[in-house]
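S.K.: Residues 530 to 778, numbered by the working numbering, are exactly what the sequence shown covers, in order. The structure that follows is given in the form of structure tokens.
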Amino acid sequence: MSADVPGSRFAAGGADPYTRMLEGGRDGVLQLRRLTNGEIAEEWNFVALGGSADRDDLAALGAAEGPVLDVGCGPGRMVRAAAERSSAAMGIDVSPAAVRRARAEGTPALERSIFDRLPLEGRWRTVLLMDGNIGIGGDPRALLLRCHDLLAPEGRIVVETDADRDLDERSLFTVVDAAGRESDAFPWARAGWRTVVRAARDAGFSGAAHVRSGSRHFVTAAVPRRRPTRTAAPATATAAIQSPASTRG
Ligand SMILES: C[S@@+](CC[C@H](N)C(=O)[O-])C[C@H]1O[C@@H](n2cnc3c(N)ncnc32)[C@H](O)[C@@H]1O
């Protein structure tokens, strides 16, 4: 698939730097490059992402109740951390290499998109969107609506956000490694905490709150005991990107 075709899978195609990194078992930095102007929007440090949960990860997890679903789990550090704290935790990821690597460490993970049919729909107690995964699919509102449907009444979502509180970017990006190997383009979003608080309320969550740990920012919110009627989608929400799929500060 060529780099200018929207809807490519996250960081795949082209020179496939994410898969190479996962399969090579190497740590490294991957950059998120905006297709329109070639600028680097973010960097992901996969030393931290592939390893163990750090202090800020654990603070974000808090007293998360199981079952916990980590969406876009990569090699599964948050699934392992959640499993140590709650009765059950599982990750999902569209990257076969990420799922293989998670499973190789004994971490429960399914090769599945968040937009696919999943086990325990409507019964998860906690859903995690860490490491900028609010970007998945390029439409935070659609993603939050999907997460809302996956959660049980009073279930909670934990979303890592950008520090730039009003950031609200939906675009096509590629991923590039240190050697310049670049993926095909895929839709992704970047959102600050105030943007996510608003989007969570729009998606029917209650009690949306901003939590800071170290230099990282999170939004937590809950599904009300009784699910409310949702507000209509703003006209602009679906216009940018049809296909559904940080630097840590
Ligand atoms: C920024 S990386 C986060 C990596 C991960 N949290 C970690 O600990 O390494 C985004 C992850 O989301 C996954 N992803 C992208 N689209 C997805 C989708 N539609 N459903 C599930 N996972 C997806 C990617 O394959 C990738 O592993």
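Yeah, the Cβ is synthetic: ideal placement off N, Cα and C, and Gly gets one too. On a predicted model such as this, the values are computed, not experimentally measured, just so you know.
#1: When you measure from the CB of Phe-747 to every non-hydrogen atom of ligand 1, does any distance come out below 7 angstroms?
#2: Alpha carbon to alpha carbon, what distance is there between Ile-621 and Ala-638?
#3: Going by DSSP, which residues form a beta bridge with Val-752?
#4: Count the other CB atoms, across all protein chains shown, that sit within 10 Å of the CB of Asp-648; report buried if there are 16 or more and exposed otherwise.
#5: Going by C-alpha to C-alpha distance, which of Ile-663, Val-558, Leu-564, Phe-539 sits closest to Ala-708?
#6: Taking the DSSP output, what are the residues bridged to Glu-571?
#7: Hey, how far is the Cα of Leu-564 from the Cα of Phe-715?
#8: Would you say the stretch 611-629 touches the stretch 537-550, given that touching needs at least three Cβ pairs under 8 angstroms?
#9: Sort Val-748, Glu-640, Arg-719, Gly-554 by Cα distance to Cys-602 and report the nearest one.
#10: What three-state label does DSSP hand Asp-478 in the structure shown?
#11: Residue range of the alpha helix (DSSP H) that Leu-551 falls in?
#12: Looking at the strands, I want to know which residues DSSP matches up with Ala-618.
#13: Pull up the distance between the alpha-carbon of Ala-764 and that of Ala-751, whole angstroms please.
#14: Within a Cβ cutoff of 8 angstroms, which residues of the same chain sit near Trp-653, ignoring the five residues on either side of it in sequence?
#15: Note down, one range per segment and in chain order, each beta strand (DSSP E) of at least 3 residues found wholly within the stretch 669-723.
#16: When burial is assigned at 16 or more other CB atoms within 10 Å of the CB, is Asn-566 buried or exposed?
#17: Give the C-beta separation of Leu-614 and Thr-636 to the nearest angstrom, bearing in mind that I take them to be a contact with Cβ-Cβ under 8 angstroms.
#18: Sorry if obvious, but does the Cβ on Met-659 come closer than 7 angstroms to a heavy atom of ligand 1?
#19: Under the DSSP definition of a beta bridge, which residues are partnered with Phe-539?
M.R.: Quick answer:
#1: Within the sequence shown, numbered from 1, the residue matching residue 747 stands at position 218. False, no ligand heavy atom lies under 7 angstroms from that Cβ.
#2: Reading the sequence shown from its first residue, position 109 is the one you call residue 638. Reading the sequence shown from its first residue, position 92 is the one you call residue 621. If I take the Cα positions, the gap works out to 5 angstroms.
#3: Taking the sequence shown and counting its residues from 1, the one referred to as residue 752 is at position 223. Answer is none; Val-752 lacks a bridge partner.
#4: In the sequence shown, the residue the question calls residue 648 occupies position 119. Note that residue 648 is Pro in the sequence shown, not Asp. Result: exposed.
#5: Taking the sequence shown and counting its residues from 1, one reaches residue 708 at position 179. When only C-alpha atoms are compared, the closest one is Val-558.
#6: Taking the sequence shown and counting its residues from 1, the one referred to as residue 571 is at position 42. According to DSSP, which records beta bridges pairwise, Glu-571 is partnered with Leu-561.
#7: Residue 564 sits at position 35 when you count from the first residue of the sequence shown. Residue 715 sits at position 186 when you count from the first residue of the sequence shown. Approximately 9 angstroms, taken between the alpha carbons.
#8: yes
#9: Counting from one through the sequence shown, the residue named residue 602 turns up at place 73. The shortest C-alpha to C-alpha distance from Cys-602 to any of Val-748, Glu-640, Arg-719, Gly-554 is the one to Glu-640.
#10: Beyond the ends of the chain as shown, which are 530 and 778, falls residue 478; an answer cannot be given.
#11: Residue numbering aside, residue 551 sits at position 22 when the sequence shown is read from its first letter. Element bounds for Leu-551: 546-553.
#12: Indexing the sequence shown from 1 puts residue 618 at position 89. According to DSSP, Ala-618 bridges with Val-597.
#13: As a position in the sequence shown, residue 764 is number 235, starting the count at 1. As a position in the sequence shown, residue 751 is number 222, starting the count at 1. Note that Ala-764 has pLDDT 42, beneath the 50 cutoff, so the model's placement of it is unreliable and the number below is only indicative. Approximately 25 angstroms, taken between the alpha carbons.
#14: Your numbering for residue 653 matches position 124 in the sequence shown. Excluding sequence neighbours, Trp-653 sits near Pro-596, Val-597, Leu-598, Leu-679, Leu-680, Ala-681, Gly-684.
#15: The stretch 669-723 contains, as complete beta strand (DSSP E) runs of 3+ residues, the segments 680-690, 697-706, 715-720 (chain order).
#16: The residue you call residue 566 lines up with position 37 of the sequence shown. So Asn-566 counts as exposed.
#17: Against the sequence shown, residue 614 aligns to sequence position 85. Against the sequence shown, residue 636 aligns to sequence position 107. The question names Leu, but residue 614 in the sequence shown is Arg. Arg-614 to Thr-636, Cβ: 14 angstroms. No contact.
#18: Taking the first residue of the sequence shown as 1, we reach residue 659 at position 130. Yes; taking the cut-off as 7 angstroms, the Cβ of Met-659 has a heavy atom of ligand 1 nearer than that.
#19: The count along the sequence shown starts at 1 and reaches residue 539 at position 10. DSSP output for Phe-539 lists no bridge partner at all.
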